[in-house]
Amino acid sequence: MLPHLVRLFAHIRWADGILSDALARTPTPPAECIREYAHILGADETWLSRLTQRPPRVPVWPALALPELTSLAADVHAGFDRYLADIDERSLASDVAYVNSAGQSFRTPAGEILLHITLHAQYHRGKINLLLRQAGLQPAPTDYIAFVRGVEAAVTPPSGAR
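According to numbering that gives the first Met the number 0, the sequence shown is numbered sequentially starting from 0.
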């Protein structure tokens, strides 16, 4: 399972770059898009802090501007690279104890947390693309298959543009 997770985290890095670039190219990206992207990174940082048993550096929903998010993304991606390089298959089954943002205590296997991180981020990237499309802007295709192919995914033009 570890090689697959390493590949999925490479996709996260790639997809965050695509998304960040798309938002940076948009003269005035919708505020909700920035908020959702900030949440992706805030949640990733929170999960990384739980996995490495340290306090998180930002909240789950940080209020950060795009340049700050670009810096946070680099830090979080580097942190996951280090974490994934230091674990083995057996580590994936080890429970991680943590308290969620509602104050509830949990114990979850590291592998399940890592898989959740990849799925959670892609869910919010989809929300950002919907918000971009609703604003009449071009979505940022971050599908896993485009990452695998190395070729940008086909996109439907924003409504009104044909």
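Note that the Cβ used here is the ideal one computed from N, Cα and C, for glycine as well. Model, not experiment: these values are computed from the prediction.
Whole-number beta carbon distance between W60 and H38, since they are thought to touch under 8 Å: Separation of the CB atoms of H38 and W60 is rounded to 5 Å, and the pair is thereby assigned contact status at 8 Å.
Three-way DSSP call (helix, strand, coil) for V59 in this model: In the structure shown, V59 sits in coil (DSSP, three-state: anything other than H, G, I, E or B).
Bridge partner(s) assigned by DSSP for F105: DSSP lists Y97 as partners of F105.
Residue environment, E111, which counts as buried when at least 16 other CB atoms sit within 10 Å: Its Cβ having fewer than 16 others within 10 Å, E111 is exposed.
Chain B within 7 Å of P140, Cβ atoms only: Reference to chain B is not applicable here, since this structure consists of a single protein chain.
CB of H3 within 7 Å of CB of F146, strictly: Result no, Cβ atoms of H3 and F146 do not sit closer than 7 Å.
Three-state secondary structure assigned by DSSP to A145: If DSSP states are grouped into helix, strand and coil, A145 belongs with the helices.
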